[in-house]
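Notes to accompany the following structure.
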Amino acid sequence: MIPSLIANIAGGVIAIDLGAQGPNFSVVSACASGSHAIGEAFHMMQRGLADVIFAGGSEAAVTRIGFAGFSSMKAMSTKFNHEPSRASRPFDADRDGFVMGEGQAF
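So that you can map any letter, position 92 of the sequence shown is 92 in the UniProt record's numbering, and since no number is skipped, the others follow by simple counting.
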């Protein structure tokens, strides 16, 4: 149970395996964690606190609980259920919610 409670356990294990030294922490800021981590990495490099940084994040919100939560808030797009390819249009003035997705970047 402890490994699932410690946010930086994966980074710590990777650092040990690679023999890496220096800053090692996880940024936890909901859906913005990956972007936030990359921003922190940029600032650390800018300040000369590290020579090399591995930064990024992933999102895996497409779960029953995630879907149920956003659906109950009426945050999901429903206008194009019959035509899902048209549902994701975040900058359209006629948008009616968002479409869940998953991704990662490092």
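By construction, the Cβ of each residue, glycine as well, lies at the ideal position given by its N, Cα and C atoms. All values derive from a computational prediction rather than experimental measurement.
Decide if residue i is buried, meaning its Cβ has at least 16 other Cβ atoms within 10 Å, or exposed.
i, result
"A75", "exposed"
"A37", "buried"
"residue 107", "The chain is shown from 1 up to 106; residue 107 falls before or after that span and cannot be answered."
"A30", "exposed"
"A32", "exposed"
In the structure shown, what three-state DSSP assignment does residue i receive?
i, result
"M100", "coil"
"I65", "helix"
"F25", "coil"
"L49", "coil"
Can you tell me where the alpha helix (DSSP H) with residue i in it begins and where it stops?
i, result
"S33", "S33 to Q46"
"A10", "I9 to L18"
In the DSSP output, which residue or residues are listed as bridge partners for residue i?
i, result
"A60", "E102"
"M76", "F98"
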